[in-house]
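To start, the structure under review is shown below, and the notes come after it.
Numbering (the numbering used here), first residue to last: 6 to 230.
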């Protein structure tokens, strides 16, 4: 294997509190009830527009036309952007693990459905010394995961075959992306969705701590919790 590609939210970074803060500000500004932080675990993963549609009350959604919904999504992006770095932090051992993978010569990349400008911002803020070959978030010109187009474009840029790359993520969307692209799907147990979901979605193995990625780098599978 030559490379590791990573999801962001729930995989590299615990972003849930900041996502909840931004979305709840939007809801409260429109007189709608907010949600507990934990509720956002099931709302994230399919892009920011889908996140907003899941957060807004169903009855309110029915009153919005396409343009009004687009304005609401943009308003929500602004509110989340204002809270992007307040509570977000890497999972334990993540900075050290990424640095060691890079030291061992593995190409590293990021592919997220999080809006691209936000993906770039949180990665540069939290991992300023990690030499990622590519960092790619949600963009209008690339289909969101689980479509494999974004992953395949990154692999081409890195000159890495799909079967030479692990894709590491915390959701069924991530596992489906890896399988569709021909990469090895690797789940994590610490993320927003949990071990059961990634296993059911086809994870070849599950990491229980960041350092378990070093076992994969050595050709070994992690075991236990």
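Note that CB positions come from ideal geometry on N, CA and C, so glycine has one too. It should be emphasised that the depicted structure is a prediction, and the values quoted were computed from it without experimental measurement.
Between the alpha carbons of residue 69 and residue 76 lies a distance of about 10 Å. In the DSSP assignment, the residues bridged to residue 144 are 147. The Cβ atoms of residue 121 and residue 155 lie no closer than 7 Å to each other. Positions of the beta strand (DSSP E) runs, each at least 3 residues long and wholly inside the stretch 77-136, are given as 112-120 in order along the chain.
Taking a contact as a CB-CB distance under 8 Å, the pair residue 145 and residue 91 does not count as one, their CB atoms being some 27 Å apart.
Residue pairing for residue 172: DSSP places it in a beta bridge opposite 10 and 190.
For residue 211, the enclosing beta strand (DSSP E) starts and ends at 210-212.
Rounded to the nearest angstrom, the gap between the Cα atoms of residue 171 and residue 13 is 15 Å. Relative to residue 178, the option among 125, 102, 128 and 117 whose CA is nearest is 117.
Here residue 48 is not near residue 114, since their CB atoms are 7 Å or more apart. Under the DSSP definition of a beta bridge, residue 18 partners with 14 and 95. Of the candidates 56, 50, 23 and 51, the residue whose Cα lies closest to the Cα of residue 42 is 23.
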